[in-house]
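Trainee:
Protein chains in written order, with this note's numbering: chain A, 234 to 501; chain B, 34 to 297.
Now the structure itself:
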């Protein structure tokens, strides 16, 4: 039994390390300053980069955060602080179901609602699709971290004559803030790698995307496009993009863990 | 007001700060308090004793309506503070709690600075003036006998204080909103003997200004700090009287069994 658990653990670690190693091996050679600062070159011409995809991904995540953070955060506060009854059960269940909906379904819904009526793909539509995807995760993590705030703090505030909303805003949320921010960061990291919903919302773009209402390149879609193209140089760039994407997601995870670690030591 | 059912004629004439009559509390179908009647004297220390689960904490939390937030709770009977029924629809529990402060069993400072902990109540009630806040913080910390230990580090986290200091900080925080009544739910049960002695000393000083109701498991503590002692058992108030009488010459055999340690 023990040996089996060790083997499983080793497998998990092994997969992660293999993935990292393989990506570095394949992608590192295409990583250069140009990759971060240049636009893609025309077909057949070597070199070039994915600066537009990096900026595009950042813009998409910004829109996603604007959509997903307020709804997820405030919904989580409601669930944790205001309702333990039937409404909360329904919302929690809805969030879990929403979390299980394949991302491509979210994508096609946004395509139908925001792309078809306006007649073109856009950063805005892509960001909204990602924002919808992050809502359930943001909501549940906010709720979980608020529930970790001990009731003794709520009691202390109420006993001092603070109304409930003041207690929530000035005691409970600040006490759980570090955890909540971490959760929100992780939910952003989770949608950063989503590809399917972007294929028919943000589409892609070989050039800089002006403003928010035009199609934009993004790292995941560039990886897809480059990986299935018949050019060796594109393949190498796809690997490099995958490496960068993974580094961003892993970086967000590490930052989140470090922040949480600081929190637990501060509380004891 | 439920005066008709009140059989204790003393209620009207005594200097009672809090008058409780026929207080019955149910959690769902469980009876937690059964027709409790008790007068709490103004600027006196009233100790509530009894074995775990006897209802003394439930009773205490009825006095500032901290039980309101519990699901499935039903509270009947009357509790009045200075002659005003606190369960009246016109009484705002938030307003009530400014007059009836509370200190909890486990010290529960906010994860904020020492200053911000004490200033929390006044700030919530709208005070913004820095100078005035400083005065209140200093006065409250002095009252709680903590000022000399923390005056040089008011901006440090309250969580860096020792357990006894944290509890005194919680007392200072409660005093900062200038309540009339201070409820204490086993305030020293998690503290070492020296810290406990400090809290008891503090209670002695505070009773010149505040009406104090204290729940305690420690009978020596009840004997040391209180003027009146009430013995609760299984949700009923078995006996209440001057502390000395309860501990030396109780009128009920159950009380005697408990205070002499034969039971509980």
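Where a beta carbon is used, it is the ideal one built from N, C-alpha and C, also for glycine.
All of these numbers come straight from a predicted model, not from anything done at the bench.
(1) Compute the beta-carbon to beta-carbon distance between residue 449 of chain A and residue 356 of chain A, rounded to the nearest angstrom, for a pair I have assumed lies under 8 Å.
(2) At the 7 Å Cβ level, is residue 382 of chain A part of the contact set with chain B, yes or no?
(3) Can you tell me where the alpha helix (DSSP H) with residue 110 of chain B in it begins and where it stops?
(4) Beta-carbon within less than 6 Å of residue 38 of chain B's beta-carbon, same chain only, minus the 5 sequence neighbours each way: which residues are those?
(5) Compare the C-beta of residue 155 of chain B with all C-beta atoms of chain A and state if any pair is closer than 7 Å.
(6) Short check: CB of residue 431 of chain A to CB of residue 359 of chain A, under 7 Å?
(7) Taking the alpha-carbon positions, what's the residue 502 of chain A to residue 429 of chain A distance?
(8) Assuming residue 80 of chain B contacts residue 262 of chain B (C-beta within less than 8 Å), just tell me the rounded distance between them.
(9) DSSP has residue 133 of chain B in a bridge; who is on the other side?
(10) Taking its Cβ as the centre, do 16 or more other Cβ atoms sit within 10 Å of residue 282 of chain B, making it buried, or is it exposed?
(11) If you draw a straight line from the C-alpha of residue 263 of chain A to the C-alpha of residue 295 of chain A, how long is it?
(12) Looking only at DSSP bridge pairs, what is residue 265 of chain B linked to?
(13) Determine the closest residue to residue 490 of chain A out of A/271, A/419, A/316 and A/353, with distance taken between C-alpha atoms.
(14) Which same chain residues, not among the five before or five after residue 177 of chain B, have their C-beta less than 8 Å away from its C-beta?
(15) With a Cβ-Cβ cutoff of 7 Å, do residue 140 of chain B and residue 218 of chain B count as a contact?
(16) Would the beta-carbon of residue 154 of chain B fall within 7 Å of that of residue 266 of chain A?
(17) Provide the residue(s) that pair with residue 53 of chain B in DSSP beta bridges, ordered along the chain.
(18) Along chain A, in chain order, which residues have C-beta atoms closer than 9 Å to that of residue 99 of chain B?
(19) Taking the alpha carbon of residue 129 of chain B as the reference point, which residue from B/138, B/136, B/119 and B/137 has its own alpha carbon closest?
(20) Among B/197, B/76, B/257 and B/215, which residue has its Cα nearest to the Cα of residue 225 of chain B?
(21) Taking only runs of the alpha helix (DSSP H) that begin and end inside the segment 408-477 of chain A, which ones reach a length of at least 4 residues, in chain order?
(22) Considering only residues of the same chain and omitting the five flanking positions on each side of residue 292 of chain B, which have a CB-CB separation below 7 Å?
(23) At the level of alpha carbons, what is the spacing between residue 456 of chain A and residue 339 of chain A?
(24) Check each candidate in A/471, A/485, A/480 and A/481 and name the one with the smallest Cα separation from residue 281 of chain A.
(25) Count the other CB atoms, across all protein chains shown, that sit within 10 Å of the CB of residue 45 of chain B; report buried if there are 16 or more and exposed otherwise.
(26) Could you check if residue 286 of chain B is buried or exposed, using at least 16 other CB atoms within 10 Å of its CB as the buried criterion?
(27) Quick check on this structure: which residue in B/93, B/167, B/75 and B/99 has the alpha carbon closest to the alpha carbon of residue 50 of chain B?
(28) Less than 7 Å between CB atoms is the rule here; does residue 425 of chain A satisfy it with respect to chain B?
Mentor: Well, looking at it:
(1) 4 Å
(2) no
(3) Note, residue 110 of chain B: premise wrong, no alpha helix (DSSP H); beta strand (DSSP E) at 106-114.
(4) Because the pLDDT at residue 38 of chain B is just 42, under 50, the model does not fix this residue reliably, and the value given afterwards should be weighed accordingly. Closer than 6 Å at Cβ, skipping near neighbours: 55.
(5) no
(6) yes
(7) In the structure as shown, chain A begins at 234 and stops at 501. Residue 502 of chain A is therefore absent and cannot be evaluated.
(8) 5 Å
(9) B/214
(10) exposed
(11) 27 Å
(12) B/270
(13) A/419
(14) 201, 202, 204, 205, 208 and 235
(15) no
(16) no
(17) B/71 and B/112
(18) 388, 391 and 392
(19) B/119
(20) B/197
(21) 429-432 and 452-460
(22) 252, 279, 280 and 283
(23) 21 Å
(24) A/471
(25) With a pLDDT of 44 at residue 45 of chain B, under the threshold of 50, the predicted position of this residue should be treated as unreliable, though the coordinate-derived value follows. Residue 45 of chain B is exposed by the Cβ-count criterion.
(26) exposed
(27) B/75
(28) no
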